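Residue numbers (this note's numbering), protein chains in the order written: chain A, 1166 to 1484; chain B, 1166 to 1484; chain C, 1166 to 1484; chain D, 1166 to 1484. The beta carbon of each residue, even a glycine, is placed where N, CA and C say it ideally should be. If you're wondering where the values come from, they're calculated on a predicted model, not measured in any experiment. See structure below.
4 protein chains.
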Amino acid sequence: MRKIAVLTSGGDSPGMNVAIRAVVREGIRLGCEVFGVYGGYEGLIEGRIKRLSERDVGGIIHRGGTMLQTSRSERFRTEEGRARAVRQLQASGIESVVVIGGNGSFEGAKKLEAEGVATVCIPGTIDNDMPGTEMTLGFDTAVNTVVEAADRIRDTSFSHDRIGLIEVMGRNSGSIALWAGVACGAEYVIVPEIEFRIEDLIRKLQASIRDGKRHSIILSAEGVGSGADIASRIKAMAGYDVRTTVLGHLQRGGSPTAADRVLGSRWGVEAVHLLTRGERGRLLGIVSNKIVAHRYDDPIRQENHNDVSLATILQNLSI
Amino acid sequence: MRKIAVLTSGGDSPGMNVAIRAVVREGIRLGCEVFGVYGGYEGLIEGRIKRLSERDVGGIIHRGGTMLQTSRSERFRTEEGRARAVRQLQASGIESVVVIGGNGSFEGAKKLEAEGVATVCIPGTIDNDMPGTEMTLGFDTAVNTVVEAADRIRDTSFSHDRIGLIEVMGRNSGSIALWAGVACGAEYVIVPEIEFRIEDLIRKLQASIRDGKRHSIILSAEGVGSGADIASRIKAMAGYDVRTTVLGHLQRGGSPTAADRVLGSRWGVEAVHLLTRGERGRLLGIVSNKIVAHRYDDPIRQENHNDVSLATILQNLSI
Amino acid sequence: MRKIAVLTSGGDSPGMNVAIRAVVREGIRLGCEVFGVYGGYEGLIEGRIKRLSERDVGGIIHRGGTMLQTSRSERFRTEEGRARAVRQLQASGIESVVVIGGNGSFEGAKKLEAEGVATVCIPGTIDNDMPGTEMTLGFDTAVNTVVEAADRIRDTSFSHDRIGLIEVMGRNSGSIALWAGVACGAEYVIVPEIEFRIEDLIRKLQASIRDGKRHSIILSAEGVGSGADIASRIKAMAGYDVRTTVLGHLQRGGSPTAADRVLGSRWGVEAVHLLTRGERGRLLGIVSNKIVAHRYDDPIRQENHNDVSLATILQNLSI
Amino acid sequence: MRKIAVLTSGGDSPGMNVAIRAVVREGIRLGCEVFGVYGGYEGLIEGRIKRLSERDVGGIIHRGGTMLQTSRSERFRTEEGRARAVRQLQASGIESVVVIGGNGSFEGAKKLEAEGVATVCIPGTIDNDMPGTEMTLGFDTAVNTVVEAADRIRDTSFSHDRIGLIEVMGRNSGSIALWAGVACGAEYVIVPEIEFRIEDLIRKLQASIRDGKRHSIILSAEGVGSGADIASRIKAMAGYDVRTTVLGHLQRGGSPTAADRVLGSRWGVEAVHLLTRGERGRLLGIVSNKIVAHRYDDPIRQENHNDVSLATILQNLSI
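Structural data, given as structure tokens:
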């Protein structure tokens, strides 16, 4: 009988619990023993490993966060740390691990694979910035969370003829800002992928105001700089009063959307199928609406092509 | 200058307003005059046509339903009715129409095209049962609405160790039931695509109960028969107390999700682009995450392949 | 050291978990041992009693339903059943019980008190039909759930110029229908407290239609009869197409609102304070925004006076 | 026939639209002409006054913000500004004004009354800091918005064993923080009404951690100082990593809860009844669950007594 472990690593994202549930239940159904590693790679090093039953993952499908908790582990970046992690797995007789997380966690999975542990990686991050997939687990939920917040802020921006600036997550990726921007009808979006000239933004705001529309919503990705700073610059240059909201970790929590729950279930099942068939060292993705499994050593391209074209749509549809 | 009209027809779906907004604003941006037809094909016959400005579609992106209202028109099925509809368009100098609706509306668009009016059809229905697209406009919102309802019903089913049956929409298509079923961790789903044997359902319930789990959620698509009837049969055959909820038109309303808002915006923009380029008689779709435009006379295949495979996932992951 | 048990009984309501958490934590803080009875009075008879720690009630404040589960117990109506229940308590050394539930549960608490067990009863029901309190635990959440559903149904009713009828809970009490009706701007509400003449309803609908408003929302409390029947009668008498939604147990679930969470916390704390002070046989309530404790044998009046006056407001504000 | 105007002033709050709808419809029903003043006192000075029909306030009951928009007017603080405002009313033949807003707006209403205009003031603010009422319009919605945000942040705080600090609105009043704190099970709350010693907070966090609970939620009212500063001080003194979220204007928007919709409807109706009966210079409130009308020159006490006692409950129930 095969022993499979599952761990979540890096920033948590809504839908991780769904994937854990799928790995555990599909694993057990196919005759495996399934173990949960608590606290990500750090927990692996410390041997926080517990066998899970089908019941242990009951009642979690609709909950945000990860029941296994997560961490960012400095020790796992060291050879010694990784050696210890591998020994912990060996001590429990575990040969394979499903890693759920973002780019950092994927790097960790590759290293674990290099140490001889069979791994499959599920792209779990709200940032939608991983290669080989059009969508990451948690992205759809995060975008909906931002849109809901923007809908509320628009109410009060309209009441006061005021500009609302919302700083959203995204260090290198403007995906959340772009999708949420189109979805909430934002007047402007500031993202790492597109050069930002504050003059353009101010020109757009001035045009709106000339046109009789005095309230606007601006979305800015954190990677471009602090929302509060951008607000001050607008104030200094054009005299407009801009109210800033920093959504922060709000975007990471919340009950996953249906799309994230379906995606997490499909990926969790697929991860187990791959491992039980002996296919390892695979990064999962969804491309052209099909589940795909990339080899770690293949060149894996970025697949979230649509994003920048959304900027044009947003620009053209907001007035 | 080109004159474009937009109408919504058949059952309404969340996201129709988003598509209307996109057609109007992109149309005007490209130098067209855009007209709204009120009340679907029936309104077209009656000449309920009004020119729309960019402002007229402000503040609707987040609202369910359709600002243009909709109808099911008997008269439009007659030659006389259609002739009158065409005359109404000619009287306003309108040469092209964007139709947003389901399969019935698509049939109407084909007939309008046959009468010489340039048309593009946007698949707007919660049922996800149209050819040529992996997703219809409103489907994602409807699934999330069902999942939210199911999450609530699970609370009380657990409290009472009871079986909750939720009847959802879907005459010929089990898409809503299947997606929502996986997403809410339903124990069983009854859909038109899969032969239903009540003995299998009862066996599954009995196995759960033997296993110590006494509450369950069953989703059934309306096309398979009334939820209340199925509940009675379960009661008669196995003695279990089943509480039925009929979500009904609840599933049609509500603020559209981010995914539906982005999809509706992209399709609305594309419809205008096609018509201004002289490409007509096109059914829009999203396939492999790309916007596609099928010719009405091409064979258009069903693209929502994943659905039935979801039934297996659901079956295997619920215990 | 005092031993207190807590049980939930009858139909579950959102906020029961909050009250359980408050009883357990406040009890332990004051030096008591606190026990959970699983499965209501039936569970009490069967001795399903477990000691609870502060941690056991962690992570439940936001969850619908009741972690202790509930039941309607026939056996507890018999002397023998009750005698057995009392023996179970004695066997664990428990002298006092906090009962959370509706009118039936309150009757049970009185009987338990008569058998010599110290009891306090917390009014937990969505129906808002208990004496001695302006508000019951779960009512605010249920009303918000209905309003959210009605907001969605209004979207689609408007799109189709159609009448939507929503059947809501309330056997003898129209509280949910009246509050939700005012809050969603319903055009008509049918409740047990007010004589219903279908002619009045039809006259109102006709007036609206003459006035150019062709969509309406009707709320009807289940106690007045089946929503589907009322819809058929409207159809038969006036020819209007009415779509019916039966919200059913949907109204019982869902994360409790802030108001229900605050109320449940206050009542849970108060119940423990009373029992530790030796004050027993008390039904809690909230009157004039103050927590009150009625003696079981005092005459306890109905306090939800406002309800019927809401009907006038609803009538006057809808057009 | 009487002419009544309605205006919203100061910060907007969810439920203002409900009150506007009630004033307009009840006013017209009783034979008055009702006018909307756009843009608060500033708009009044500028004569932005428009007659409203019953239809003009249709479809707004569920929308956040205020359709009449609002402002903070410097000019209205001057005698000249007020004189001009009064002339604008006289020019339209309007003798009475319903003012919906917070303490600043109430001051304005008193001044208008002193100038001979009949006024009634509806307490519309999310802050719950007005005299003569247990609850202000918008407070219930704002608290629920904060609780929803806190529920999401708890998900991710748990996943990371981290402390989440949420800065909420409230310059002089901790009502939002206290109610939301009890409702979300916050571990600590920092409010203007209670002296804050950071040592106490750190002691509480240390006790939790010793006890094995490593994630916590802290709510702080903006009046006590910036959330980011408090987070830095915790980091400096105890080394804990605290993530801050600033909810900002998010708290002002959103569809009003059922309770706010009922309250706004009742107050709007009452305001019209008072004015048509010739009772003027009245501040509305809800005390002991009854609508009350205080004379401006009476001493009006603060009625939100419960707040501080909530701090004790919060402290005792969180572990």
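According to the DSSP assignment, Arg-1362/A belongs to no beta strand (DSSP E), since it is labelled neither H nor E.
At the C-beta level, Ala-1283/D and Gly-1339/D stay beyond 8 Å of one another. Chain-ordered listing is empty here: chain A has no CB closer than 7 Å to the CB of Phe-1304/D, the nearest sitting near 15 Å. Residue pairing by DSSP places Ser-1261/A opposite Ile-1169/A, Ala-1283/A in a beta bridge.
Non-local C-beta neighbours of Ser-1391/A in its own chain, meaning closer than 8 Å and more than five positions away in sequence, comprise Glu-1332, ordered along the chain. DSSP places His-1227/A in the coil class of the three-state scheme, outside both helix and strand. The closest CA to that of Glu-1352/C, considering only Ile-1193/C, Ile-1359/C, Ile-1367/C, is found on Ile-1367/C. Residue-level contact by beta carbon holds for Val-1434/C and chain D, with a gap shorter than 8 Å. Here Tyr-1203/B has Arg-1213, Leu-1233, Gln-1234 as same chain residues with Cβ atoms under 6 Å from its own Cβ, once five neighbours each way along the sequence are excluded. If you draw a straight line from the Cα of Ala-1279/A to the Cα of Gly-1273/A, it comes to about 10 Å.
Of the candidates Gly-1329/A, Thr-1410/A, Ser-1397/A, Ala-1248/A, Gly-1329/A places its Cα closest to the Cα of Arg-1379/A. Against chain B, the CB of Ile-1399/A has no partner CB under 8 Å away; the residue lies outside that interface. Looking at Glu-1299/D, Ser-1218/D, Arg-1237/D, the one whose alpha-carbon comes closest to that of Ala-1458/D is Glu-1299/D. Proximity of chain D to Ile-1484/C at the Cβ level (cut-off 8 Å) is accounted for by Arg-1190, Glu-1219, Arg-1220, Gly-1223, in chain order. For the region 1310 to 1325 of chain A, the set of residues with a beta-carbon nearer than 8 Å to any beta-carbon of chain D comprises Thr-1310, Ala-1314, Asp-1316, Arg-1317, Ile-1318, Arg-1319, Asp-1320, Thr-1321, Ser-1322, Phe-1323, Ser-1324, His-1325, in chain order. At a cut-off of 8 Å between C-beta atoms, Asp-1292/B does not count as an interface residue with respect to chain C. His-1414/D reaches chain A at Ile-1318, Thr-1321, Gly-1329, Arg-1408, Thr-1410, counting residues in chain order whose Cβ is nearer than 7 Å. Three or more beta-carbon pairs separated by less than 8 Å link the region 1288 to 1295 of chain C to the region 1256 to 1270 of chain C, which places the two stretches in contact. Selection Val-1452/B, Leu-1449/B, Arg-1426/B, Ser-1430/B evaluated against Asn-1481/A yields Ser-1430/B as nearest (Cα-Cα). Residues of chain D whose Cβ lies closer than 9 Å to the Cβ of Gly-1273/A do not exist, since the nearest Cβ in that chain is about 17 Å away. Residue range 1455 to 1460 is occupied by the beta strand (DSSP E) that includes Ala-1458/D. For Thr-1409/C, the enclosing beta strand (DSSP E) begins and ends at 1407 to 1411. Taken in chain order, the members of the region 1222 to 1247 of chain B whose beta-carbon sits within less than 8 Å of a beta-carbon on chain C are Arg-1228, Gly-1229, Gly-1230, Thr-1231, Gln-1234, Thr-1235, Ser-1236. Of all residues in the region 1419 to 1433 of chain A, the ones placed with a Cβ closer than 9 Å to any Cβ belonging to chain B are Ser-1420, Pro-1421, Thr-1422, Ala-1423, Ala-1424, Asp-1425, Arg-1426, Val-1427, Ser-1430, Arg-1431, Gly-1433, in chain order.
Rounded to whole angstroms, the separation of the alpha carbons of Ala-1476/C and Ile-1363/C is 16 Å.
Beyond the five residues adjoining it in sequence on each side, Trp-1344/A comes within less than 6 Å, by CB distance, of Val-1308 in the same chain, given in chain order. Taken through DSSP and simplified to helix, strand or coil, Ala-1386/A comes out as strand.
Nearest CB-CB separation between Gly-1350/A and chain B: below the 8 Å threshold. When Lys-1215/C, Ala-1424/C, Thr-1441/C are compared, the shortest CA-CA separation from Gly-1180/C is found for Ala-1424/C. One finds Leu-1482 in chain B with Cβ atoms closer than 7 Å to the Cβ of Ala-1187/A, taken in chain order.
Against chain D, a Cβ distance below 8 Å from Asp-1394/A picks out nothing, because the smallest value is about 14 Å. Taking 8 Å as the threshold, the shortest C-beta distance from Arg-1379/B to chain A does not fall below it. Rounded to whole angstroms, Ile-1465/D and Arg-1447/D show a C-alpha spacing of 11 Å.
Identification of residues in the region 1443 to 1467 of chain C having a C-beta nearer than 7 Å to some C-beta of chain D yields Ser-1453, Asn-1454, given in sequence order.
At least one beta carbon of chain B lies nearer than 8 Å to the beta carbon of Asp-1177/C.
Judged by beta-carbon spacing, Thr-1410/A lies within the 8 Å limit of Ile-1318/A, meaning their Cβ atoms are closer than that value.
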